[in-house]
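*Asks:*
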Amino acid sequence: MGESITSRPERILVIGRSPGVILDATDILRSKGFHADATNRFDDVLTEYDTTSIDVVVFGGMVPPGTKQHLSEAISKVNGQVTFVQGLAGIAGLIAAQVESVLSTAGDDNGVAYDAANRTVRITLQEPSQVVVEAWWATSFTPPEPASTSMRIADSHFGPGEHLIPLPADVPAVASFVTASVGPAVHAFTVGAMPAAVRRMVPTDDPTQPPTLPPVRPVATHNTTTTR
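According to the working numbering, the sequence shown is numbered sequentially starting from 1.
1) Which class does R17 belong to by DSSP, given the choice of helix, strand or coil?
2) In chain order, what residues of the same chain lie with their CB nearer than 6 Å to the CB of L71, ignoring the 5 residues before and after it?
3) With 16 other CB atoms within 10 Å as the buried threshold, where does V78 fall?
4) So, helix, strand or coil for Q232, using DSSP?
5) Alpha carbon to alpha carbon, what distance is there between I15 and F34?
6) Use the C-beta contact count for V174: other C-beta atoms within 10 angstroms, 16 or more gives buried, fewer gives exposed.
7) Apply the 10 Å Cβ neighbour rule to Q98 and answer buried if 16 or more other Cβ atoms are within range, or exposed otherwise.
8) E10 and D55 look like a contact to me (Cβ under 8 Å); what is the Cβ gap, rounded to whole Å?
9) Tell me whether the beta-carbon of G87 lies closer than 8 Å to the beta-carbon of F42.
10) Enumerate in chain order the residues of its own chain whose CB-to-CB distance from G90 is below 6 Å, with the five nearest sequence positions on each side excluded.
11) In this structure, does DSSP put E100 in helix, strand or coil?
12) Please classify D37: is it buried, with 16 or more other beta-carbons within 10 angstroms of its beta-carbon, or exposed?
13) Suppose contacts are defined by Cβ-Cβ distances below 8 Å. Is G139 in contact with T124 by that definition?
14) Please state the DSSP three-state secondary structure of V174.
15) Output the residue ranges of the alpha helix (DSSP H) runs that lie fully inside the region 50-80 and measure 4 residues or longer, sorted by chain position.
16) Do M151 and V169 count as a contact pair if the criterion is CB distance below 8 Å?
17) By Cβ distance, which residues of its chain are closer than 8 Å to T142, with the 5 residues on each side in sequence left out?
18) So, at 7 Å on beta carbons, what are the nonlocal neighbours of I95 in its own chain, with the 5 sequence-adjacent residues on each side left out?
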């Protein structure tokens, strides 16, 4: 993926359940120059992090809806500039791409879209650009550490005009996604939705209901990097 076109290191907080996924996503974001932290201690977010200075908050799919609403409202009260991102899946590289997407497309005048009927990424370039297209999909939904894989479909310099990039048949029709970077701008799309059985695994906020997922190791990271 290309580097963000913004001019300063953004501060990212990834809130999710799976330690491996959120830590890997944080490592990827830090390698790209972002100030990135991750936690699966939902109750500690408002006390452990300076939410007034966070630019992007990413919620994993296993964050209970009530918890997500509470944190969104509390953070928004003290930080009117924060952007909330709903993670598409427990795939670290995809999460990082989603963060890049919300931070890098403001000045992008190219057209990027996903044609679901034809399983094709359509890119319309105003000028020559480096284009990278990657597919991501889940290979296991076993909690608390899902597994995934990815495939680079295109990575080359494209000229001005319209380009159609079909997805290979290897990319499944469920729990699959595609990202396209055009120069520094990144775009993320859903190819196949998560299975209903996985969506039903999202924990509730009802204390009277038994937990649907096994406990996980608490994780909270704080970034000490100060330069890009």
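Here a beta-carbon is modelled for each residue, glycine too, at the ideal position from N, C-alpha and C.
*Replies:* The structure says:
1) Here R17 carries a coil assignment [DSSP, helix/strand/coil].
2) Cβ contact annotation for L71 (same chain, cutoff 6 Å, sequence separation greater than five): V45, in chain order.
3) Under a 10 Å Cβ-count criterion, V78 is classified as exposed, with fewer than 16 other Cβ atoms of the shown protein chains found around its own Cβ.
4) Residue numbering for the chain in the displayed model covers 1 to 228; residue 232 lies beyond these limits and cannot be assessed.
5) Each residue's Cα considered, the two are about 16 Å apart.
6) Exposed is the call here.
7) Classification for Q98: buried.
8) About 4 Å separates the Cβ atoms of E10 and D55, confirming a contact at the 8 Å cut-off.
9) Taking 8 Å as the Cβ cut-off, G87 and F42 do not qualify as a contacting pair.
10) Spatial neighbours of G90 in its own chain (CB-CB distance under 6 Å, excluding positions within 5 residues in sequence) are listed in chain order as S18, V21, P146.
11) Here E100 sits in helix by DSSP.
12) Looking at its Cβ environment, which holds 16 or more other Cβ atoms inside 10 Å, D37 is buried.
13) Note that residue 139 is Thr in the sequence shown, not Gly. No.
14) In this structure, V174 counts as coil in the three-state DSSP scheme.
15) For the alpha helix (DSSP H) assignment, the uninterrupted runs of no fewer than 4 residues enclosed by the region 50-80 are, from N- to C-terminal side, 65-78.
16) Residue identity check: residue 169 is Ala in the sequence provided, not Val. Against a cut-off of 8 Å, the Cβ pair of M151 and A169 comes out as no contact.
17) Correct list: empty, nothing qualifies.
18) The beta carbon of I95 is closer than 7 Å to those of V14, A25, V58, G87 in its chain, skipping five residues each way along the sequence.
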